[in-house]
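What follows is a set of notes on a single structure, which appears directly below.
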Amino acid sequence: MLASVRFHAKIWVFYVAQFLKRRMIYQMDFLAGLAADVTLQFVNLLFIFVIFEKVPDLRGWQRDEVLFIYGLAIMSYGLFHAFFSNIYYLGNTYIVEGNMDRVLLRPLNPLFQVYAERVDLEDAGEVLLGAVLVAYAHRALGLDWTLLHLVALPLFVILGVLVFLGVFTALASAGFWFVDRVGILPPVYNMMAFGRYPVTIYHPLLRFVLSWVIPFAFVGFFPSTWFLGRQEYLGYFVVTPIVSFAVFGIGCALFHAGLRRYESVGS
Numbered sequence: 014m015l016a017s018v019r020f021h022a023k024i025w026v027f028y029v030a031q032f033l034k035r036r037m038i039y040q041m042d043f044l045a046g047l048a049a050d051v052t053l054q055f056v057n058l059l060f061i062f063v064i065f066e067k068v069p070d071l072r073g074w075q076r077d078e079v080l081f082i083y084g085l086a087i088m089s090y091g092l093f094h095a096f097f098s099n100i101y102y103l104g105n106t107y108i109v110e111g112n113m114d115r116v117l118l119r120p121l122n123p124l125f126q127v128y129a130e131r132v133d134l135e136d137a138g139e140v141l142l143g144a145v146l147v148a149y150a151h152r153a154l155g156l157d158w159t160l161l162h163l164v165a166l167p168l169f170v171i172l173g174v175l176v177f178l179g180v181f182t183a184l185a186s187a188g189f190w191f192v193d194r195v196g197i198l199p200p201v202y203n204m205m206a207f208g209r210y211p212v213t214i215y216h217p218l219l220r221f222v223l224s225w226v227i228p229f230a231f232v233g234f235f236p237s238t239w240f241l242g243r244q245e246y247l248g249y250f251v252v253t254p255i256v257s258f259a260v261f262g263i264g265c266a267l268f269h270a271g272l273r274r275y276e277s278v279g280s
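Residues in the sequence shown are numbered consecutively from 14, following this note's numbering.
Spelled out as structure tokens, the structure:
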């Protein structure tokens, strides 16, 4: 098991290195993409500041608490989108166009290959921005953290990545049954933004969907409550690891179940 993990980690490094060599041929495109992504995040932050200029709190949530939740969420999003966004192209590139044939010929886990074959380091800037927001909110709120908090923070960022991986792997794998170039990924992708804010500000139906159907609330909101000292959400915080691994496991299971239905594109 451990040998397999080391082997796949080594191959993943080679994948990333080769993709970056191709990507950096067009350095201005990379820098333009990075600038556009950072600009979009600053616009979103400006929206938060504008809202709190008009209202003292958002259904019991202070501005700096919302900034903390937002920062934690985009750290997970940035890592996911930088290193695993190729899952979006499973239906179009791999199933419809038949590139899954190439993947299946290699002595590597097919899902691992799909994850590893694309890198979007432009989105890695969001990880840094998220870390800055978390640090700023921590200081502004005067949070009293222990060593446990500092160790847990990156772990919950990774758990957030697992939620994204599980959700989008499951949705993309539907392409094995319902062949479509786009599928239902775009509307769910847009829902990711809802998980960057306290889910208690939404309608109860949307709150339920974000918590237990498409659990983006377990990326930013529920993990943040413990770091913010909100003990009323402790139960949700405790089950965050269980939800993350369960969602990721469901995504992997659906991918491998769909793979058994894959019939190539013929000739």
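Every residue gets a Cβ at the ideal spot worked out from N, C-alpha and C, and that includes glycine.
Under DSSP, the beta-bridge partners assigned to Leu71 are Trp74. Per DSSP, reduced to three states, the secondary structure at Glu130 is coil, with no helix or strand assignment.
Between Phe81 and Ala150, the beta carbon gap of about 4 Å places them in contact (Cβ cut-off 8 Å). In this chain, Phe191 is not harboured by any alpha helix (DSSP H), its DSSP state being neither H nor E.
In this structure the segment 85 to 93 does not touch the segment 121 to 130; the number of beta carbon pairs closer than 8 Å is below three.
When secondary structure is reduced to three states using DSSP, Asn203 falls in the helix class. Boundaries of the alpha helix (DSSP H) harbouring His151: Gly138 to Leu154, taken from the DSSP string. At a Cβ-Cβ threshold of 8 Å, Thr253 and Leu172 count as neighbours. The Cβ neighbour count for Asn203, taken over all protein chains shown within 10 Å, is under 16; the residue is labelled exposed. In the same chain as Phe191, and ignoring 5 residues on each side of it, no C-beta atom comes closer than 6 Å to its own. Burial check for Phe177: the Cβ neighbour count within 10 Å reaches 16 or more, so the residue is buried.
For Ser257, the enclosing alpha helix (DSSP H) covers residues Leu247 to Leu272.
Annotated three-state conformation of His216 is coil, per DSSP. Rounded to the nearest angstrom, the Cβ distance from Met41 to Tyr275 is 38 Å, too far for a contact under 8 Å. In this structure Phe97 is not in contact with Gly179, their Cβ atoms being roughly 11 Å apart against a cut-off of 8 Å. The C-alpha of Gly155 is placed about 40 Å away from the C-alpha of Cys265. Note on geometry: alpha-carbon atoms of Ile61 and Val251 lie some 28 Å from one another. Contact between Phe207 and Leu223 holds: CB atoms are separated by about 6 Å, below the 8 Å threshold. When rounded, the separation of the alpha-carbon atoms in Ala30 and Phe20 is 16 Å.
In the three-state DSSP reduction, Asn112 falls in the coil class, being neither helix nor strand. Ile64 carries a helical assignment under DSSP once its states are collapsed to helix, strand and coil. Leaving aside the five residues that flank Gly188 on each side, the residues in its chain whose CB is nearer than 7 Å to its CB run, in chain order, Leu103, Gly104, Ile108 and Gly196. The segment 221 to 249 is shown to contain whole alpha helix (DSSP H) runs of 4 or more residues at 234 to 240, in chain order.
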